[in-house]
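Residue numbers (this note's numbering): 15 to 99.
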């Protein structure tokens, strides 16, 4: 089981918050809640298991409940702080 932490960068007035991993980012206008699922660009899926400190655990595809929303992560350059295309 793989567990990692995620740094939270707060948005400013109308700009969505970015919940970053290295090297991925999940653009979303709401805060993540315990139990949320995130799919990284390479296809791996993680579940938020702790809000503070923020911790995720890997989830095999077959263990994801049907109908659950999976947020998509996009590539993120942690050096420049920019989203990659």
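All C-beta atoms, glycine included, are put in the ideal place defined by N, C-alpha and C.
None of the values given here were measured: they were computed from a predicted structure.
- Just measuring C-alpha positions, the residue of 47, 48 and 52 sitting nearest residue 75 is 52.
- Bounds of the beta strand (DSSP E) holding residue 84 are 84 to 86.
- Per DSSP, residue 53 is one residue of the beta strand (DSSP E) stretching across 51 to 53.
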